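Enquirer: Okay, handing you the structure first.
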Ligand code: CP
């Protein structure tokens, strides 16, 4: 965990690079942006964002791009590397050294763990990790925290169930690690044996006195204890074996019948895209919070982009200014 260093010019590969105060300030900024859309519409006039997406995305890429456009900036980039010079053998480092000449900030998604770190070391502008393999997805975590904050008014003192593919689900790893930093969370890790949480994430929970965890296989037996149920998709693209994917993909399906067992105040989160793991009949249940997460994803990315390029939002009062 790092000391607090200014966020202007900083790359965000994991949220560990930010202090807890900086994370809370980003959430506060996102709330401010939502209620001051007109006032902040020229905050990033003249800025350019590059989105370098070597892996498919709907929400993350479009929300990074919308965020910069809504702040008054412009966007370049590629979605799918087929038309980029990576197909001619160009390295990530050379791509970032090149793109740094064109833009003020880069968002990168890549199928390999560690790619965002490599990119950040090569770039001369801030690089934001938009998901690196099965490792981390820090801006999704900001969206998740913003959703918890709006649903519960807090991001601590919660019982958080995480269900599905806890091995390859990078959003799960980012969220657990970040919640541990704020403390007072009871994790209920719900997965088949083949898709359990990696040891390095478990180690993080164990190293946090105020956090605890249990690992279970059955969702119905624990759903009544949860404040938050974070559903995840089984990550087909990270399986080595199609048969294993087909066997495991429908292990958990949340529907209205199962939701009868949950608290009326429980929030259902999902980073999306979903396949079968949440039935569409759940969408109309007031506990469904996953489309709020989508909106929060754009707001937190607006907060982060404006912050790392050093553009202040007009009228914004920081949380706990130093
Ligand atoms: N949550 C998320 O990362 O969605 P996309 O893959 O559509 O970007």
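In the working numbering, the protein residues as written are 11 to 332. All residues carry an ideal CB built from backbone N, CA and C; glycine is no exception. In this text, all values refer to a predicted model and were calculated from it rather than measured experimentally.
1. Take residue 330 and list the residues in its own chain whose beta-carbon comes closer than 7 Å to its own, dropping the five residues that flank it on each side.
2. Please tell me whether residue 122 and residue 143 are closer than 8 Å, where the distance is taken between their beta carbons.
3. So who's on the other strand from residue 142, going by DSSP bridges?
4. Measure the C-alpha to C-alpha separation of residue 185 and residue 289 and round it to an integer number of angstroms.
5. How would you label residue 213, buried or exposed, when you count the other beta carbons within 10 angstroms and need 16 or more for buried?
6. Would residue 174 and residue 244 be called neighbours here (beta carbons separated by less than 8 Å)?
7. Mind checking whether the beta-carbon of residue 150 lies closer than 7 Å to any heavy atom of the ligand CP?
8. Within 7 Å: the Cβ of residue 59 and any heavy atom of the ligand CP?
9. Give me, in chain order, the residues of the same chain whose beta-carbon lies closer than 6 Å to that of residue 222; leave out the 5 immediate sequence neighbours on both sides.
10. Can you look up residue 222 in the DSSP assignment and give me helix, strand or coil?
11. Say whether the region 266-277 touches the region 24-39, bearing in mind that this needs 3 or more beta-carbon pairs closer than 8 Å, one atom from each stretch.
12. When you compare each of 45, 24 and 19 to residue 309 by their alpha carbons, which one comes out closest?
13. Taking the beta carbon of residue 205 as the centre, do at least 16 other beta carbons fall within 10 Å, making it buried, or is it exposed?
14. For chain B, is any of its Cβ atoms less than 8 Å away from the one on residue 19?
15. Relative to the C-alpha of residue 228, which residue among 146, 51 and 198 is closest?
16. So the alpha helix (DSSP H) residue 318 belongs to, where does it begin and stop?
17. Does residue 67 pass the burial test, meaning 16 or more other C-beta atoms within 10 Å, or should it be called exposed?
Expert: Reading it off the structure:
1. 31
2. yes
3. 120 and 146
4. 23 Å
5. exposed
6. yes
7. yes
8. no
9. 196
10. strand
11. no
12. 45
13. buried
14. Reference to chain B is not applicable here, since this structure consists of a single protein chain.
15. 198
16. 300-319
17. buried
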